[in-house]
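Per the numbering used here, the very first residue in the sequence shown carries number 123; after that it's consecutive.
Glycine residues also receive a C-beta, built at the ideal position from the N, C-alpha and C atoms.
Fair warning: this is a prediction, and the values are worked out from it, not measured in the lab.
Below you'll find the structure, written out as structure tokens, and then a few comments.
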Amino acid sequence: MTSAVSPNTIPISLLLCLLPIAELRGGLPYALAGGVSPLPAYLMCVAANALVGPLVFLFLSSLHRLLDRWPAYHRFFERMVERSRRKIHGVVERFGYWGLLVFVAIPFPLTGAYTGALGAWVLGMRRGRSMLFIALGVAVAGVVVSLVYLLGVQALDFFLKR
């Protein structure tokens with residue numbers, strides 16, 4: 123890290139990595155833009171986003187059962203399940219756990235650890251193995267996001283100086 127890193131940069135980056143909308147795709151660029159060196163930014167953001175798999179499985183095995191009694195929650199959850207099933211079913215059907223890894227690794231909206239964990243749960247995949255492949259997918263996504271960010275900054279720097 124450099125001395126120019128704001129004290130809020132790291133906590134905000136970690137929070138973004140834990141949010142369903144942003145995940146690693148938001149937290150890692152935020153950390154890098156905030157002055158955190160690439161390797162520490164990558165490691166902390168991947169670790170934070172990799173926690174999503176176990177947290178989702180823990181939620182689904184405990185709190186979900188209680189909340190599912192409420193009609194509004196039930197409707198919302200059913201929509202989420204159906205969307206996850208549609209997005210992930212084909213790739214998992216074809217490639218199994220490796221498909222789950224690739225699905226999580228692709229840095230597009232709604233293809234991250236949350237959707238991967240929910241999809242794995244919906245499809246009845248083994249919890250431990252799913253969490254491993256989700257974490258590996260997060261690590262690959264971290265490499266992709268880092269490269270896109272760093273190369274994009276270099277490209278902007280190159281073209282703006284000319």
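Only buried fits Glu145, as 16 or more other CB atoms lie within 10 angstroms of its CB. Between Ala263 and Ala227 the beta-carbon gap is near 5 angstroms, inside 8 angstroms, which marks them as a contact.
A check of alpha carbon separations from Pro176 across Leu282, Ala242, Ser128 identifies Ala242 as the nearest. One alpha carbon belongs to Gly218, the other to Cys167, and they sit about 26 angstroms apart. Ala170 and Ile134 have their C-alpha atoms some 11 angstroms from each other.
The criterion of a C-beta distance shorter than 7 angstroms is not satisfied by Val174 and Tyr271. With a cutoff of 7 angstroms on beta-carbon distance, Ile256 and Gly234 are scored as not near each other.
Sequence-distant partners of Val260 (beyond 5 residues in either direction) whose C-beta falls short of 7 angstroms from its own C-beta, in its chain, are Leu146, Val168, Asn171, Ala172, Val226, Ala235. Boundaries for Met247: no alpha helix (DSSP H) harbours it, and the DSSP string shows neither H nor E there. In this structure, Thr131 places its C-beta atom within 7 angstroms of the C-beta atom of Gly156.
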